[in-house]
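Chains as they are written, first to last, in the numbering used here: chain W, 1 to 254; chain A, 255 to 508; chain H, 509 to 762; chain Y, 763 to 1016; chain G, 1017 to 1270; chain F, 1271 to 1524; chain S, 1525 to 1778; chain B, 1779 to 2032.
There are 8 protein chains.
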Amino acid sequence: MNKSTIQLILEAIEKGEMRAGDALIKLKDLPFTDIGHTKIDNHRSLRSGHPEVIYGEHKTARQVVDIFQAMLTKQSNILVTRVSEQLAVMITEICPSVIHNPIAHTLFYEHDRLPETTSSIVIVTAGTADLPVAEEARVTARALGNKVTLIADVGVAGIHRLFACLDVIRDARVVIVIAGMEGALASVIAGLVEIPVIAVPTSVGYGASFGGLSALLAMLTSCANGVTVVNIDNGFGAAFAASQINHLELEKKS
Amino acid sequence: MNKSTIQLILEAIEKGEMRAGDALIKLKDLPFTDIGHTKIDNHRSLRSGHPEVIYGEHKTARQVVDIFQAMLTKQSNILVTRVSEQLAVMITEICPSVIHNPIAHTLFYEHDRLPETTSSIVIVTAGTADLPVAEEARVTARALGNKVTLIADVGVAGIHRLFACLDVIRDARVVIVIAGMEGALASVIAGLVEIPVIAVPTSVGYGASFGGLSALLAMLTSCANGVTVVNIDNGFGAAFAASQINHLELEKKS
Amino acid sequence: MNKSTIQLILEAIEKGEMRAGDALIKLKDLPFTDIGHTKIDNHRSLRSGHPEVIYGEHKTARQVVDIFQAMLTKQSNILVTRVSEQLAVMITEICPSVIHNPIAHTLFYEHDRLPETTSSIVIVTAGTADLPVAEEARVTARALGNKVTLIADVGVAGIHRLFACLDVIRDARVVIVIAGMEGALASVIAGLVEIPVIAVPTSVGYGASFGGLSALLAMLTSCANGVTVVNIDNGFGAAFAASQINHLELEKKS
Amino acid sequence: MNKSTIQLILEAIEKGEMRAGDALIKLKDLPFTDIGHTKIDNHRSLRSGHPEVIYGEHKTARQVVDIFQAMLTKQSNILVTRVSEQLAVMITEICPSVIHNPIAHTLFYEHDRLPETTSSIVIVTAGTADLPVAEEARVTARALGNKVTLIADVGVAGIHRLFACLDVIRDARVVIVIAGMEGALASVIAGLVEIPVIAVPTSVGYGASFGGLSALLAMLTSCANGVTVVNIDNGFGAAFAASQINHLELEKKS
Amino acid sequence: MNKSTIQLILEAIEKGEMRAGDALIKLKDLPFTDIGHTKIDNHRSLRSGHPEVIYGEHKTARQVVDIFQAMLTKQSNILVTRVSEQLAVMITEICPSVIHNPIAHTLFYEHDRLPETTSSIVIVTAGTADLPVAEEARVTARALGNKVTLIADVGVAGIHRLFACLDVIRDARVVIVIAGMEGALASVIAGLVEIPVIAVPTSVGYGASFGGLSALLAMLTSCANGVTVVNIDNGFGAAFAASQINHLELEKKS
Amino acid sequence: MNKSTIQLILEAIEKGEMRAGDALIKLKDLPFTDIGHTKIDNHRSLRSGHPEVIYGEHKTARQVVDIFQAMLTKQSNILVTRVSEQLAVMITEICPSVIHNPIAHTLFYEHDRLPETTSSIVIVTAGTADLPVAEEARVTARALGNKVTLIADVGVAGIHRLFACLDVIRDARVVIVIAGMEGALASVIAGLVEIPVIAVPTSVGYGASFGGLSALLAMLTSCANGVTVVNIDNGFGAAFAASQINHLELEKKS
Amino acid sequence: MNKSTIQLILEAIEKGEMRAGDALIKLKDLPFTDIGHTKIDNHRSLRSGHPEVIYGEHKTARQVVDIFQAMLTKQSNILVTRVSEQLAVMITEICPSVIHNPIAHTLFYEHDRLPETTSSIVIVTAGTADLPVAEEARVTARALGNKVTLIADVGVAGIHRLFACLDVIRDARVVIVIAGMEGALASVIAGLVEIPVIAVPTSVGYGASFGGLSALLAMLTSCANGVTVVNIDNGFGAAFAASQINHLELEKKS
Amino acid sequence: MNKSTIQLILEAIEKGEMRAGDALIKLKDLPFTDIGHTKIDNHRSLRSGHPEVIYGEHKTARQVVDIFQAMLTKQSNILVTRVSEQLAVMITEICPSVIHNPIAHTLFYEHDRLPETTSSIVIVTAGTADLPVAEEARVTARALGNKVTLIADVGVAGIHRLFACLDVIRDARVVIVIAGMEGALASVIAGLVEIPVIAVPTSVGYGASFGGLSALLAMLTSCANGVTVVNIDNGFGAAFAASQINHLELEKKS
């Protein structure tokens, strides 16, 4: 099965095979697994290979392990983000084939390999210090089946480094621009390309950066067209949205 | 005695048995116990079973222990919130029958069991990570004599999980909605039920959550009617207000 | 019909007369009137006398008039809040029996008189300048069928004025406390009564009031128990929540 | 000519027909028209029908008129946003065939009609008051050659209104969600669809809305995946990004 | 010598014994001891008993010790505030007669006992958790030669505790009110007394307290007259200003 | 009668002539005049000459006139602050002997002249633009019976202007320092004098002044001892607190 | 006389011709003209041609006229900034030879022409809407005797426009970069040149620009070296600092 | 070679020896070393002695070591800022001749000694606690070849300490003023000297300092002319800008 349950239901309505009201009943009956502290939402991941995702922060290690184990039984791919060292150890013990990326702070369990897109997502960072966010984005985009290229450290202070990579960027279907401090790189790239730009402000900086606020506000008020923004340090969210865009064509074709 | 001293005084005024001025004198003479660093306000807890409450944060462990011991001599129920591990150990040594809830960060000493209300408070969380706040609310509401149901992890990203619990929520007399990040769950529930909704923003989130500010502002500006809001992470306060509402009918009847 | 459609549907589920899934279909089929720029949600106001509400700000006068006229055809009571002088004139021309309260900035069209509750809501303001918000709350609470008392100008700078009104406040089922500047009145009243306190910060003040932020933060961080808070200047919202609480007993009785 | 100059140049590099360095020289020599106070960037609009865009705010009416007239000579389509009443009059005198949308505050001069996409952009608003932003988005998306549908007033306070439109939304290639106050609609829709969601916070609201800050933070911290965000009230920017996404397939096909 | 050098100089001008210009030369030549990282300003402490003050935070322990030792040679009284445990140990080794107050985080070396004022400063706290700030104020006021009374834990949630202490407060010459959270106590006391009220917001609280901001804004916007405010947690500053006021009469008499 | 009722009551307690409890009854029975929208607090102004004060902003002109007229019947002095031009005209018509200060935005009706203090308050401004706040302070201090001197435009950018006035400042009993922008003058003066400094930040400035926030924060974090702060633009409040300090000695003597 | 009084005094100290103390006396005796509401600081403008400067905002038109007239008598050049239309008319009537720049909101009276520097200041703006700030900077820099070039509308959204002007910028001694919104232009230019960059954030923008805050924070956190920042919209301040830098060499040579 | 590559290229254009377009190609071909996580920008440091700079924060120690080693092979001087103790040890092991300044948190490897300027930069701090920022500035300015003088602890609370150093300050070509808390020192110094003032706000302070925000806003809104500001605690940036100014004359002469 290559489509999500929800999509199949809605297509059934469209074709007149089902009434919209019945669809809502089905929505209510969509599978989720209640393990007490968490209600695992299964219906999105039923497509083979599409990963379940666990946001690892703000939960106890015990809770994450419970969720992970419940998911393992479904034979899905599983991506865990914002993983502490301790949690990585605990889950690796349970499931030795999980891949731990200590810079991205992710764990990835790949039960089935998802086919890779032909078009690609390019991830660009302004500095070396933005790499943890970029790695989170890269791991996520890969786990969602995208071809990904990562270009690090081409911030505007030495803009010739960006020019040297411009051909690679324009060849992508969507670009993720990751920058802290004044976040100017998003505007500069959006002025040079005509593909969608998803900007990720990072908390890299100090003083008037106010934990990423400076980059966030700068990206939101970009004078260049076509920039949309996600939360500070949200590499996962940028990759998820980029993957939706990158998959649009393929799905339409099917 | 089932009523608070202050209530009896004020009723006496109402019945013409006492002049308002005399009531104020009595207010001034209301019992409190001065233990140097703290003036314990006893008059609210004189009703059998109604707990004394100690807010455990920002005080030294020594001070909390002093207050706890002074209260023990009054044979009240005692609820301590925001309890550190160290404090939990210190008080359990003094009073082994105290119940420690490590997720809620509470201690509860139940000298007399309070009768439980027939109507209930439902506590709903958007995510697993909101559970510490929800548990603080649950323990508090129970300690104040309420029937309580806790529903975890029904945030709007998978709204069908909420629909599956809607019957339980609408059966309550008041609902506490606990959510971090964008706090949208409060608006959605308030649009679906006609009972009072007390919203608790949590500090769950990162970046533009700014320690719970995003959820707080969202809940305050809810487009749905009937939402009132308490401080970020204030599970105790939400439960206290909910308990006041849940007890209104019973007290009127007596 | 005295109950809302949604309530009847949900009760049918409870009694086993309808499946929850069918209820969701009906939710989807709930009546709303689409007039292009607005989708008027009729299902809440079908109970005789319960007013339709139009929030008058940020809409063009033309849009509000359209909505008002569409509602008039349903023979509901209609409450319009945040009404400009110009809008008041336009609607009064269409519907001369509408009542304009220029301090509350409200219009009220009362097609059927709602029965008044026996228990009351008390509205208290810290200063004279808080009266527009208090009047919005009073008009709303009255339109929702509540007995209401308004006590103005008893702020903490002259606390004896509050003591002189304490008996009236404690006799209510719920109290709305409206204050700008430092908003201390909410904490003081919540420390003296045992009924729910709904606090409304106002934008009255200057400088470090920052448009009501000082009162808002103060009310959210109140050291007194039982305080819940609504948005700055939201007299309507406070009255709506208070009315829900004030009607709880009556509905349970039925 | 159907492609932008910049695209042609870069494709030439890709094909080995031009060295990257030569491309940069050409970038430098890209056409712009210097009219003193403004350097009009022509190279993006050389494709027939693609509009020139003038941001009308913060410029004097005189400056906007100068820019408009300079663009007229190029026989491009011209879109002016954030247009005051006075400016609309001035430009209509110069160019009577310009179309003024007083709700969107836009002017549009269509020299050549751009072919419309087969896939569509859906624009959804939470309330009536969000319509000016939605209209700006609609006019922009249309001017950029997109098929557009606008659904107004389906905010979460009456969520059944949203369910009634869900089929239309899921049929689009990308959805723009426009909401003020607590901005919850973006999260709810993103939880129900699998297409990219571009969220536009609006300044609709008061008090703790802080000019759109509440909706902005809520949208940035959305618990639903796939949401990206633009500046407060930036209907233009959302439509521009949506158009880029909506055109991806078509361009790849060519 | 009982007067400061600067005062003597300025009195000389007043009496015509010195030209203002000459005073400025002397100002420039006022004694300070340069120990490299610090220029110790001696001229204020030349009066017997008036303490030198070292702000202990943000300096290295080594720097504080250097300054302390340089001051010891002048035989002044010395007050060190914001002292870490480590620093307390280091200085006690050098100067065993120093008095360490671990709640106030102060060290005091009293070379000469300052005569105590007949009129007194009263320090009042809203809660037990405000005691560290209150103790810093008490130690400072004592070190500056004032009679001081400290009343703890009389916050507005149990206002009868305040009434029981009102006589003591009104007997003082100046009152320092210390409160976190909503900081309402300052307004309530200022409404009940006619002496100057110096308000100290504390960082006690959580969530919307924003590190003391809620109390700070509340105190600045107090509706009661006669309240002035110092920085969050600035017990030292409040005591210093209170001491200036408390000494006014005595100095005029001399 | 030269003392306030509240003071007499409290002195009676002190002398053992009255029990504290009886005092509280009397507090409750303190005179206030209820004119519907306002409860005029008379007990402070019973001393001959001490003015009633009306804060004129945020009230309707009609309300202020009502309050003014009610006060006139008591033969008190009356000070109205934050007076609009329109209000000034309305009240002058009612009471032609009222004095309007259009820079201070005050009205003053002097029924009895208050005796002037021998010691003085000095008011210092950093710039010409701070004069409205300074005039409000001057008029208030005068109305409260103080000798006052006003020194304008001695900001730190030309510090020699300050030195030329230093003798006058140091001769005062208390100094009010009024400054916008960076508010540095308060720190500089507090470093040069040994009398209490009350700092008033003003909203003079633009950009990063954020309506007076820059000066407010600067004054709160002053490195000089003895500075206390009032709200932005609160000339009245500074003068009230300064007058309390300036009268301390006189009252003690009586 | 070509040097300021203060400079001559200080040089005399350096040469041993005067004691530092005497210099301070002289500082105190530096000329200023007291016209009541303002103390005009003359000593900086005694050099022929160096203008007196009046900041025109927040003062009454009457006050500005008074100051202007007092300065006219000194035969100085006079620059007035932040001039309203009404003020421009009033001063032009008094002094018809004054030059009014309605975009810069300046008035300039040039009694003596200052010699122009050989090296130049370049002023660059990101957009047309930044021109009022740029013009204020240009007029100021000219009035201070600098050669100035203004390049408008080269923001990063069309970066090839910047490259076309790069030669002019690098030829200057100092560059002022003026940008609103995300303020990225400052970082990009600082990465391309090796001269000092003074960045001026402007209030151009909306929504998350928060009145220039986004550009301000971005410029302060620039990843490019050599950027210093002035207040939002402070064209005058940037020009003043740039002029100091531009004159350094010349003065050293003399 | 004494000039940067970029400068030589641009001068070639100026002299007509190269076309601007060719310069841009060369810009693109400027040397940088790609070591995976970082693209080291070499072209600025090719001048003998000019240091490479590594910002040490937010990178892993491993990444910094990699960059350092790659730079060592170029035989440049290398300055590392924001160095942790652990990193200092790691790099010292690799390169024992590196100089570690533990107060400045810098490492400096001096391969070639840069000639020192004849004119000097003076660095002034308000307090002892500002020394880490001042030391970072001093080390940076020295590494860039400047004569530097550091004056510590002359804050405005004891302004006579400043007067005693005024001669040294005025003798410099540019002054860096470093202050936390209210940051008043920048305004006071800028009012006394006529050289450029670069102000560095520091995070020294507590409460309303908000991590340096108070000093930052104060410096940005300085009433004194000629002040420009860098980020909070950015001693490096201030020194870099100061060095640019200090070298202007020398380079012009060559």
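The beta carbon of each residue, even a glycine, is placed where N, CA and C say it ideally should be.
What does a CB cutoff of less than 7 Å around Gln848 (chain Y) pick up in its chain, not counting 5 residues either side in sequence? Ala823
Find the nearest neighbour of Arg904 (chain Y) within the set Y:Asp828, Y:Gly988, Y:Thr879 and Y:Val930, judged by alpha-carbon distance. Y:Thr879
As a quick exercise: from H:Ser584, H:Ile703 and H:Glu643, pick the residue whose alpha carbon is nearest that of Val735 (chain H). H:Ile703
Is there at least one Cβ from chain W nearer than 8 Å to Thr287 (chain A)'s Cβ? With 8 Å as the cut-off, Thr287 (chain A) does not count as an interface residue toward chain W.
From the DSSP output, in three-state form, read off Asp803 (chain Y) for me. strand
Close beta carbons around Asn246 (chain W), own chain, < 7 Å, minus the five adjacent residues each side: Thr117, Ser119, Ile121, Asn146, Arg173 and Val174, listed in sequence order.
Is Pro132 (chain W) helix, strand or coil by DSSP? In this structure, DSSP gives Pro132 (chain W) a helical state, which the three-state scheme calls helix.
Report all residues from its chain with a CB closer than 7 Å to the CB of Ser1854 (chain B); omit the five preceding and five following residues, and keep chain order. In its chain, beyond the 5 residues on either side, Ser1823, Pro1829, Glu1830 and His1889 have a beta carbon closer than 7 Å to the beta carbon of Ser1854 (chain B).
Identify whether Val484 (chain A) lies in helix, strand or coil by the three-state DSSP scheme. coil
Within chain B, partners of Gly1228 (chain G) - CB distance below 9 Å: Gly1985 and Ala1986
Taking only beta-carbon atoms, is Pro1656 (chain S) less than 8 Å away from chain B? With 8 Å as the cut-off, Pro1656 (chain S) does not count as an interface residue toward chain B.
Can you grab the Cα-Cα spacing for the pair Arg1352 (chain F) / Val662 (chain H), in whole Å? Rounded to whole angstroms, Arg1352 (chain F) to Val662 (chain H) spans 21 Å at the Cα level.
Span separating the alpha-carbon of Met598 (chain H) from that of Val573 (chain H): 8 Å
Going straight from the alpha carbon of Asn2 (chain W) to that of Val168 (chain W), what length do you get? Note on Asn2 (chain W): pLDDT 36, under 50, position unreliable in the model; no value is reported.
Chain G partners of Leu333 (chain A), CB-CB under 9 Å? Ordered by position in chain G, no residue passes the 9 Å Cβ test against Leu333 (chain A), which lies about 16 Å from the chain.
Taking 8 Å as the threshold, find out whether the region 1953-1960 of chain B comes into contact with the region 1486-1504 of chain F through three or more Cβ pairs. Verdict: yes, contact present.
Flag Ile413 (chain A) as yes if its beta-carbon sits less than 8 Å from any beta-carbon of chain Y, otherwise no. yes
Could you tell me whether the Cβ of Ser1492 (chain F) comes closer than 8 Å to any Cβ of chain B? yes
My assumption, with CB atoms under 8 Å, is that Ala832 (chain Y) sits in contact with Thr890 (chain Y). Please give the rounded CB distance. Going by Cβ atoms, the distance from Ala832 (chain Y) to Thr890 (chain Y) rounds to 38 Å, so no, they are not a contact pair.
In terms of residues, what are the limits of the beta strand (DSSP E) holding His267 (chain W)? The displayed coordinates of chain W run from 1 to 254. Any statement about residue 267 (chain W) would go beyond what the structure contains.
Could you check what DSSP says for Asp2016 (chain B) in three-state terms: helix, strand or coil? The sequence given here places Ala at residue 2016 (chain B); Asp does not occur at that position. Helix at Ala2016 (chain B).
Answer yes or no: do Val647 (chain H) and Thr614 (chain H) have a C-beta to C-beta separation smaller than 8 Å? The answer is yes: Cβ separation under 8 Å.
Measuring alpha carbon to alpha carbon, tell me which of A:Gly461, A:Ile405, A:Arg424 and A:Arg367 ends up nearest Ala380 (chain A). Of the candidates A:Gly461, A:Ile405, A:Arg424 and A:Arg367, the one whose C-alpha sits nearest the C-alpha of Ala380 (chain A) is A:Ile405.
Contact list for Pro1466 (chain F) against chain G, beta-carbon separation under 7 Å: Ala1257, Gln1260 and Ile1261
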